[in-house]
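Single-structure report; data block below.
Protein chains in written order, with this note's numbering: chain S, 1 to 258; chain E, 1 to 258.
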């Protein structure tokens with residue numbers, strides 16, 4: 001299994017604090033030692049840092065922990081391999097283009113019978129159930145909306161949730177998906193989220209002896225939502241999602257729930 | 001205009017030395033201050049580091065200069081914007097999937113009338129002539145080989161060279177393209193390459209006061225080819241390509257020329 005981390009915010013915000021907690025679980029406070037990755041959006045563009053090594057001792061992860069990249073949409077993943085060997089081609093997040101935007105996907109869980117999932121022209125590069133599920137999702141979207149995105153984003157996200165529901169029937173399918181504007185969290189077994197807004201307080205990481213006073217780092221209008229497999233901090237009101245539930249965030253706020 | 005850097009090798013080799021020379025040209029010894037990127041292949045997987053800032057003072061570039069990532073195929077680019085604003089979505093290299101492999105593309109030059117280039121299902125995310133040319137190339141490949149890659153790689157690469165020739169007719173089109181196994185260098189105006197093999201000697205960068213003795217870092221069987229817009233080192237036999245010429249490298253050796 002693996003762990004997920006996502007962020008949706010209304011102002012470009014760095015994720016160094018949460019990432020510091022996450023990467024400790026990559027082979028130190030957690031067993032997820034088989035690679036890690038993180039994707040930051042800046043406008044329509046995005047960049048991914050990934051490494052097939054354990055995050056808790058990865059020099060690239062160490063660099064990012066101390067280098068604040070500000071973004072309104074972030075997806076991160078640490079991996080404990082089950083389907084597919086340890087290697088860069090099997091390291092999440094995966095990014096592909098659809099309709100002239102970059103779509104980024106990360107998955108926690110394990111699927112059975114995933115080899116039978118149709119992928120159309122989106123062919124997996126690696127061997128994971130996750131990448132195949134992502135390619136299947138893109139194929140289903142292209143087939144359902146051959147003319148491009150529907151007029152109402154709600155129509156689109158409800159369809160994605162429907163496909164996610166089908167994938168959940170194949171095993172465990174906790175998922176983060178973003179195009180840099182919207183970020184969907186789909187819960188199959190475990191996923192929690194937390195919105196920070198004024199008045200901002202302090203927070204303390206669970207996996208590392210580190211505390212931050214967000215009041216000193218934010219403005220009163222900032223809204224920042226963090227999504228994670230399990231809470232990264234103590235004493236904050238993380239909301240646990242129920243199996244089959246999804247939330248689509250936009251600029252840190254809940255845009256759609258189901 | 002921009003500068004290109006590529007590497008093809010028969011053993012995983014780091015490119016720190018050449019990259020150190022290149023990034024000095026990103027706003028210091030050269031004017032290419034509008035972003036930079038570098039893609040490393042490890043097997044079928046690849047990872048890209050990119051930044052919309054000038055490479056000579058980019059903390060990410062500084063980190064990579066000192067952090068040896070070993071790879072058999074590398075493509076790098078530093079940008080001086082002409083078509084498309086400065087931003088991550090316009091920063092090379094660009095990577096897209098075709099036939100279950102990651103294809104990475106970088107371009108030096110400027111094209112006219114590029115908005116008319118058909119791209120099929122590969123839609124550009126940014127505004128550059130370069131990304132559009134890459135999407136056009138992928139579209140042409142898909143249309144020419146609808147059943148997947150032809151039996152002979154030569155057939156494939158000759159077709160790519162033919163499309164590159166057409167793109168060259170729209171302006172300046174120096175290009176690097178790789179799938180991690182093969183690396184094509186297509187010359188429109190300037191591109192040079194150099195193969196290092198035993199007996200290895202020392203080399204000195206032009207853009208930075210740095211010298212390396214490759215004899216101390218290599219084994220007698222290593223073959224490493226470096227491709228660049230203009231020579232990065234003094235006293236080594238760089239080969240200048242002629243306009244319209246291409247070379248496809250595989251494991252550091254010339255695989256196909258035209």
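Ideal placement from N, C-alpha and C gives every residue a C-beta, glycine not left out. Values in this document were obtained by computation on a predicted structure and should not be read as measured data.
Check	Outcome
Is it buried or exposed, residue 211/S, if we count other Cβ atoms within 10 angstroms and call 16 or more buried?	exposed
Under DSSP, the alpha helix (DSSP H) around residue 23/S begins and ends at which residues?	16–24
Could you tell me if residue 201/S is buried or exposed, where buried requires 16 or more neighbouring beta carbons within 10 angstroms of its beta carbon?	exposed
Contact between the segment 30–40 of chain S and the segment 14–27 of chain E: three or more CB pairs below 8 Å?	no
Measuring straight from C-alpha to C-alpha, what distance separates residue 52/E and residue 10/E?	31 Å
Rounded to whole angstroms, what's the CA-CA distance from residue 134/E to residue 179/S? Just pull it up for me.	21 Å
Report buried or exposed for residue 217/S, applying the criterion of at least 16 other Cβ atoms within 10 angstroms of its Cβ.	exposed
Find out if the Cβ-Cβ distance for the pair residue 21/E, residue 232/E is shorter than 7 Å.	yes
From residue 81/S to residue 47/S, what distance separates their C-alpha atoms?	23 Å
With H, G and I counted as helix, E and B as strand and the rest as coil, what does DSSP make of residue 115/S?	helix
Could you give the distance in angstroms between the alpha-carbon of residue 108/S and the alpha-carbon of residue 6/E?	35 Å
Any C-beta of chain E sitting closer than 7 Å to the C-beta of residue 88/S?	yes
Residue 251/E lies in the alpha helix (DSSP H); which residues open and close that run?	Unbroken run through residue 251/E: none, as it is neither H nor E.
Evaluate contact between the segment 55–68 of chain S and the segment 95–109 of chain S, counting only Cβ atoms and requiring at least three cross-stretch pairs below 8 Å.	no
Give me the DSSP bridge partner(s) of residue 31/E.	26/E
Can you list the residues of chain E that residue 42/S reaches, using a CB-CB cut of under 9 Å?	52, 87, 88, 89
Report all residues from its chain with a CB closer than 6 Å to the CB of residue 41/S; omit the five preceding and five following residues, and keep chain order.	71, 73, 180
Between residue 47/S and chain E, is there a C-beta pair that is closer than 7 Å?	yes
Touching or not, the segment 144–164 of chain E and the segment 117–131 of chain E, by the rule of three or more beta carbon pairs under 8 Å?	no
So within the segment 141–185 of chain E, which uninterrupted beta strand (DSSP E) runs reach at least 3 residues, ignoring any that extend past its ends?	174–178
Please tell me whether residue 67/E has its Cβ less than 7 Å away from any Cβ of chain S.	yes
Out of curiosity, what's the CA-to-CA distance linking residue 192/S and residue 139/E?	41 Å
Can you find a CB in chain E that lies within less than 7 Å of the CB of residue 148/S?	no
Does residue 123/S have its Cβ less than 7 Å from a Cβ in chain E?	yes
Please list the terminal residues of the continuous beta strand (DSSP E) segment that includes residue 65/S.	Here residue 65/S belongs to no beta strand (DSSP E); instead the alpha helix (DSSP H) covers 59–66.
Determine the burial state of residue 182/S: buried for a count of at least 16 other Cβ atoms within 10 Å of its Cβ, exposed for fewer.	buried
Among 255/E, 195/E, 214/E, which one has its Cα closest to the Cα of residue 240/E?	195/E
Count the other CB atoms, across all protein chains shown, that sit within 10 Å of the CB of residue 112/E; report buried if there are 16 or more and exposed otherwise.	exposed
Determine the DSSP secondary structure at residue 56/S, reduced to helix, strand or coil.	helix
Roughly how many angstroms lie between the CA atoms of residue 227/E and residue 184/S, to the nearest whole one?	42 Å
Beta strand (DSSP E) containing residue 197/E: first to last residue?	Run containing residue 197/E: none; DSSP gives neither H nor E here.
Using DSSP's beta-bridge definition, name the partner residues of residue 50/E.	37/E
Do residue 176/E and residue 106/E have their C-beta atoms within less than 7 Å of each other?	yes
In this structure, does DSSP put residue 3/E in helix, strand or coil?	strand
How many angstroms separate the CA atom of residue 197/S from the CA atom of residue 220/S?	7 Å
Give the C-beta separation of residue 4/E and residue 38/E to the nearest angstrom, bearing in mind that I take them to be a contact with Cβ-Cβ under 8 Å.	No, residue 4/E and residue 38/E are not in contact; Cβ-Cβ is about 11 Å, not under 8 Å.
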